[in-house]
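J.: Protein sequence lines correspond, in order, to chains A and B. In terms of numbering that gives the first Met the number 0, the first sequence opens at residue 0 and continues consecutively. In terms of numbering that gives the first Met the number 0, the second sequence opens at residue 0 and continues consecutively.
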Amino acid sequence: MRPVTDAVPAPAADVAARAAGVRAASPTSRRGRPELRRPAVLATPGGVLGVVLLTSAVGLALLGPVVVGDRPFASVAAPLQAPSAAHVMGTDDLGRDVLTMVVHGLRTSLVIAVGVVAIAGVIAVCVGALAGSHPGSLDDLLMRGTELVQVVPRFFLAVVVVALFGARVSNVVLLLGVTSWTWTARVVRAETLSLRQRAFVEAARSFGAGQTYILRRHIAVSVLPTALVMLSVCASGAVLIEAGLGFVGLGDPDVVSLGSLASNAQRFLRSAWWLTLFPGAALLILILGINLVGDALGDAGSARLGPVGLGSTR
Amino acid sequence: MSARYLLRRLAQVPPSALLILVVTWLLLHLAPGDPLIALAGQYGDEAYYTAMRERFGLDQPLPQQLATYLGNVLQGDLGTSYVRGRPALSVVAERLPATLLLASTALVLSTTVGVALGVLAARLGGGRADVSVRVSTLTLYAMPAFWLAQLAVLGLAYRLGWFPIQGMTDARRSLSGLAAVGDVFHHLLLPAAVLAAGELALNVRLVRTGLLEAARSDYVRTARAKGAPGHRVLYHALRNAMLPVVTVLGNRIGMFFTGAVLVEVVFAWPGVGRLLLTSAQSRDLPVLLAVFLVVAGAVLVVNLLVDLLYTRLDPRISYAARD
Numbered sequence: 000m001r002p003v004t005d006a007v008p009a010p011a012a013d014v015a016a017r018a019a020g021v022r023a024a025s026p027t028s029r030r031g032r033p034e035l036r037r038p039a040v041l042a043t044p045g046g047v048l049g050v051v052l053l054t055s056a057v058g059l060a061l062l063g064p065v066v067v068g069d070r071p072f073a074s075v076a077a078p079l080q081a082p083s084a085a086h087v088m089g090t091d092d093l094g095r096d097v098l099t100m101v102v103h104g105l106r107t108s109l110v111i112a113v114g115v116v117a118i119a120g121v122i123a124v125c126v127g128a129l130a131g132s133h134p135g136s137l138d139d140l141l142m143r144g145t146e147l148v149q150v151v152p153r154f155f156l157a158v159v160v161v162a163l164f165g166a167r168v169s170n171v172v173l174l175l176g177v178t179s180w181t182w183t184a185r186v187v188r189a190e191t192l193s194l195r196q197r198a199f200v201e202a203a204r205s206f207g208a209g210q211t212y213i214l215r216r217h218i219a220v221s222v223l224p225t226a227l228v229m230l231s232v233c234a235s236g237a238v239l240i241e242a243g244l245g246f247v248g249l250g251d252p253d254v255v256s257l258g259s260l261a262s263n264a265q266r267f268l269r270s271a272w273w274l275t276l277f278p279g280a281a282l283l284i285l286i287l288g289i290n291l292v293g294d295a296l297g298d299a300g301s302a303r304l305g306p307v308g309l310g311s312t313r
Numbered sequence: 000m001s002a003r004y005l006l007r008r009l010a011q012v013p014p015s016a017l018l019i020l021v022v023t024w025l026l027l028h029l030a031p032g033d034p035l036i037a038l039a040g041q042y043g044d045e046a047y048y049t050a051m052r053e054r055f056g057l058d059q060p061l062p063q064q065l066a067t068y069l070g071n072v073l074q075g076d077l078g079t080s081y082v083r084g085r086p087a088l089s090v091v092a093e094r095l096p097a098t099l100l101l102a103s104t105a106l107v108l109s110t111t112v113g114v115a116l117g118v119l120a121a122r123l124g125g126g127r128a129d130v131s132v133r134v135s136t137l138t139l140y141a142m143p144a145f146w147l148a149q150l151a152v153l154g155l156a157y158r159l160g161w162f163p164i165q166g167m168t169d170a171r172r173s174l175s176g177l178a179a180v181g182d183v184f185h186h187l188l189l190p191a192a193v194l195a196a197g198e199l200a201l202n203v204r205l206v207r208t209g210l211l212e213a214a215r216s217d218y219v220r221t222a223r224a225k226g227a228p229g230h231r232v233l234y235h236a237l238r239n240a241m242l243p244v245v246t247v248l249g250n251r252i253g254m255f256f257t258g259a260v261l262v263e264v265v266f267a268w269p270g271v272g273r274l275l276l277t278s279a280q281s282r283d284l285p286v287l288l289a290v291f292l293v294v295a296g297a298v299l300v301v302n303l304l305v306d307l308l309y310t311r312l313d314p315r316i317s318y319a320a321r322d
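#1: Beta-carbon within less than 6 Å of A/Leu192's beta-carbon, same chain only, minus the 5 sequence neighbours each way: which residues are those?
#2: Out of A/Arg269, A/Leu175 and A/Ala242, which has the shortest C-alpha to C-alpha gap to A/Ala117?
#3: Would B/Ala279 and A/Leu249 be called neighbours here (beta carbons separated by less than 8 Å)?
#4: How would you write the range of the alpha helix (DSSP H) that B/Gly84 sits in, first residue to last?
#5: For a quick check, are the C-beta atoms of A/Val67 and A/Arg95 less than 8 Å apart?
#6: What did DSSP end up calling A/Arg269 once you bin it into helix, strand or coil?
#7: Would B/Val290 count as contacting chain A if we go by Cβ distances under 8 Å?
#8: Give the single residue among A/Gly279, A/Ala157, A/Ala202 and A/Ala198 whose Cα lies nearest to the Cα of A/Leu173.
#9: In the DSSP output, what is A/Ser74 paired with across the bridge?
#10: Roughly how many angstroms separate the alpha carbons of A/Ser259 and A/Ala237, rounded to a whole number?
#11: Under a CB-based cut-off of 8 Å, is B/Arg282 close to chain A?
#12: Does the distance between the C-beta of A/Gly288 and the nearest non-hydrogen atom of the ligand PLP fall short of 7 Å?
#13: Cutting at 8 Å between CB atoms, please list the residues of its own chain near B/Gly43, excluding the five before and the five after it.
#14: Using DSSP with H/G/I as helix, E/B as strand and the rest coil, what is B/Thr257?
#15: So what does A/Thr90 bridge to, in DSSP terms?
#16: With DSSP as the reference, label B/Met142 as helix, strand or coil.
#17: Going along the chain, which residues of the segment 35–54 of chain A sit with their C-beta nearer than 7 Å to a C-beta in chain B?
#18: Answer with yes or no whether the minimum CB distance from B/Phe256 to chain A is below 8 Å.
#19: Of all the alpha helix (DSSP H) runs that stay within the bounds of the segment 157–238 of chain B, which reach a length of 4 or more residues?
#20: Would B/Phe145 pass as a contact of A/Phe154 if the rule is Cβ separation under 8 Å?
#21: Given a cut-off of 8 Å, decide if A/Ser169 and A/Cys233 are closer than it, judged by their beta-carbon atoms.
#22: Quick check: the Cα distance between B/Leu308 and B/Arg251, rounded to an integer number of angstroms?
#23: For A/Trp272, count neighbouring C-beta atoms within 10 Å of its own C-beta (all shown protein chains included) and say buried if the count is 16 or more, exposed if not.
#24: Contact criterion: CB-CB distance below 8 Å. Does A/Gln265 meet it with respect to chain B?
#25: By how many angstroms is the C-alpha of A/Leu93 removed from the C-alpha of A/Pro64?
#26: Taking 8 Å as the cut-off, does the segment 143–154 of chain A touch the segment 202–217 of chain A (at least 3 CB pairs, one atom from each stretch)?
#27: Quick one: is B/Gln63 buried, meaning 16 or more other Cβ sit within 10 Å of its Cβ, or exposed?
#28: So what's A/Phe155 in DSSP terms, helix, strand or just coil?
#29: Do the segment 45–65 of chain A and the segment 288–297 of chain A meet, that is, are 3 or more Cβ pairs less than 8 Å apart?
#30: Would you decide whether B/Ile36 is buried or exposed? Buried here means 16 or more other CB atoms lie within 10 Å of its CB.
#31: With a cut-off of 8 Å, does the C-beta of B/Gln149 fall near any C-beta of chain A?
#32: What did DSSP end up calling A/Trp182 once you bin it into helix, strand or coil?
#33: From A/Ala60, A/Ala166 and A/Ile111, pick the residue whose C-alpha is nearest to that of B/Pro31; which is it?
#34: Run through chain A and tell me which residues come within less than 7 Å of B/Pro14, C-beta to C-beta.
#35: Exposed or buried, what is A/Leu163 when buried is set at 16 or more other beta-carbons lying within 10 Å of its beta-carbon?
#36: Going along chain B, which residues have a C-beta under 8 Å from A/Pro252?
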C-alpha cells in the first residue's frame with residue numbers, strides 16, 4: 000500500500016507553493032500532500048495485525064504453489080485423512096490435499112479482489128471526479144445513477160449472471176466490478192467537491208492549469224487514500240460474494256474456490272472437521288487482513304484530515 | 000417529516016425498480032443460447048420455428064419484447080419453474096416466510112444486543128480496550144456467514160448438543176400450540192444468532208464510536224452540567240449514535256439477505272436459501288430470477304423504510320439537505 004502516492008511526480012504548482020515558503024507541517028508530506036508512509040498504516044496494533052494477516056494470505060497465494068505444486072485437483076493420498084505431517088490440513092473425500100486446495104483457493108479470491116477493485120476503482124474515480132467537478136445537473140444525474148446501482152443486491156444478481164453466462168471467474172469479476180463502485184464514487188465525489196476550494200487547487204488554477212490536469216495531478220492523488228479505504232471494503236465484499244457463490248455450487252469449476260471447499264465440507268461436517276476449518280480460516284485471514292489494513296488507512300487519513308484538512312498547505 | 004419529502008422519496012422507487020427489470024431483461028437477452036432452440040429443439044423445420052417464434056413473441060421488435068416482459072413481471076408472472084412446473088413467483092413466495100422469520104429475528108438480535116454491547120464497550124473507554132474491541136468486532140464481522148454457521152453446528156449442535164442440528168421443526172414429534180412455537184424457536188435460535196453476528200459486531204463498533212464521540216460533545220457536557228441523571232445523558236447521546244446504525248442497516252440489507260441465504264443452506268432452514276441452492280444446481284433460471292427480483296424489491300422497500308426512520312430519528316434531515 001505504501002508507494003501509492005510516492006510514485007506520482009511533484010506537480011508544478013506544489014513546487015511553486017513550496018518555493019514561496021508555503022510548507023506543510025509534518026503530518027502532510029513535503030509535497031504538501033498526504034502520504035501513505037508505512038508508519039501510518041503500522042501506527043496502530045490493528046494495522047500491524049492487518050498487514051501481517053494480509054501479507055501472509057497474499058504470500059501464501061503467490062508463493063504457495065512453489066511448495067504445494069500447481070495441481071490442486073490431483074488425488075494424492077487416501078481420502079478423508081486427518082491433518083498429519085504429510086498433509087498438514089488433511090485430505091478431502093477424493094484424497095486431494097486440503098492445503099494445496101486452500102492455497103489455490105486463496106489465489107482465486109485474490110484474483111477476484113484485485114480484478115474487482117481495478118474495475119470498480121476506475122469507474123468510481125471517473126464517476127466521482129466527474130460529478131464532484133461539475134456541480135449541477137451532471138452531478139445530479141450521476142449521483143441518481145449511483146443510487147440506482149447501489150440498491151442492486153449483488154450476490155443475487157451474480158447468481159443469475161452465473162446461471163446465464165457460466166461460472167467463470169472473469170464473469171464474476173466483471174459483474175462485481177461494474178456493481179461495486181458506488182460507495183467509492185460517492186466518497187471521491189465528496190472529496191473532489193471539498194478539494195476544489197482548497198488553496199493548492201486554486202494555486203494550480205491560477206498558474207493556468209487545465210481542468211483535466213488538476214483532476215489528474217491534484218484531485219486524483221489527494222482522493223486516493225480515502226478511495227483506498229472504500230476500495231478495501233469493496234475488495235472484502237467481493238471476496239465474500241465469490242465465496243458465497245462457490246458455497247451454493249456456482250463457483251468456477253476450473254479453479255478452486257474457498258466457498259466450494261466449504262460447501263463440500265458440509266457433507267462431512269461431523270466426520271472431517273478439517274475440511275471446514277481450513278478453507279474458512281483462510282477466508283477469514285484474507286478478509287480480516289483487508290479490513291484491518293483498510294481501517295488503519297482510514298485512521299491515518301482521518302488523523303491527517305483533522306482540523307486542517309486533507310492535503311492543505313496552510 | 001414533510002409530505003413533500005415522502006412524495007419525493009417515493010418517486011425514487013419506480014426508476015430503481017424499472018432499472019432492475021430492464022437489467023434482468025437485458026441479461027436474459029444477451030445470454031448465450033437461442034431461446035428458440037431451447038423451446039423448439041435443434042432439428043425443427045422452418046415452419047415450426049416460425050410458428051414458435053410467433054407464439055412466444057420472438058418475432059416482435061426488441062422494444063415490444065421488453066414491454067411484454069415488463070407487463071408480465073408487473074402482473075406477477077415471472078415464468079414457470081423448469082423443475083417444479085409451477086409459477087416461479089409462487090415457488091419463491093412459499094419459501095419467503097421462513098426466510099423472513101430468520102432474517103427479522105436476526106435483525107432484532109443484532110440491533111438490541113449490538114446496541115447494548117456497544118454501550119458497554121463505550122464504558123470501557125479508549126486505550127487498550129480500544130484495540131481489543133476493534134479487533135474482536137472486526138474479526139466477527141469478517142467471518143464468512145456460512146463458515147461461522149458450520150463452526151456453530153460443529154461446536155454447539157454436534158459436540159455440546161445444545162441446539163438442533165438443522166431444520167425448522169422436529170420431525171420426530173408432532174407438536175401443537177405453544178410447544179410447536181417453542182420447537183421452532185429452539186431451531187431458530189442458532190441460525191439467527193449466526194446470521195446476526197456480523198451485523199451485531201458492526202453495531203457494537205458504530206454505537207461505541209458514536210458514544211465516545213458524543214462524550215466529548217457540547218450537548219452532553221451541557222446535560223451533565225445541568226445535573227441530568229446518567230441515563231438521560233445516555234439517551235441523548237444514544238439517539239445520535241443510533242443514526243449510523245440505521246444508515247448502515249439500509250446499506251447492508253442486500254448483504255444481510257445474502258448471509259441469510261447462506262446460513263439457511265448450512266442449517267437446512269426451509270427458506271429461500273435452500274431453494275436458491277437447489278435451483279442453482281439445476282440451473283432453474285425462472286426461480287433464480289424470481290429470487291433476485293424479490294430480494295431486489297425487498298431491498299428497495301427496506302431502504303425506503305430506513306430513510307423514513309432516519310428522518311424521524313434526526314429531525315434536522317430534510318430532502319434538500321441530505322446527501
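Backbone N, C-alpha and C fix where the C-beta goes; we use that ideal spot for every residue, glycine too.
T.: Judging by the given coordinates:
#1: Gly131
#2: A/Leu175
#3: yes
#4: No alpha helix (DSSP H) holds B/Gly84; DSSP gives it neither H nor E.
#5: no
#6: coil
#7: yes
#8: A/Ala157
#9: A/Arg95
#10: 15 Å
#11: yes
#12: Absent from the structure shown: the ligand PLP. Ligands present: none.
#13: Met51
#14: helix
#15: A/Asp96
#16: coil
#17: Pro44, Gly45 and Leu48
#18: yes
#19: 176–214 and 217–224
#20: no
#21: no
#22: 16 Å
#23: buried
#24: yes
#25: 20 Å
#26: no
#27: exposed
#28: helix
#29: yes
#30: exposed
#31: yes
#32: helix
#33: A/Ala166
#34: Leu147
#35: buried
#36: The contacting residues do not exist; A/Pro252 stays about 13 Å from chain B at best.
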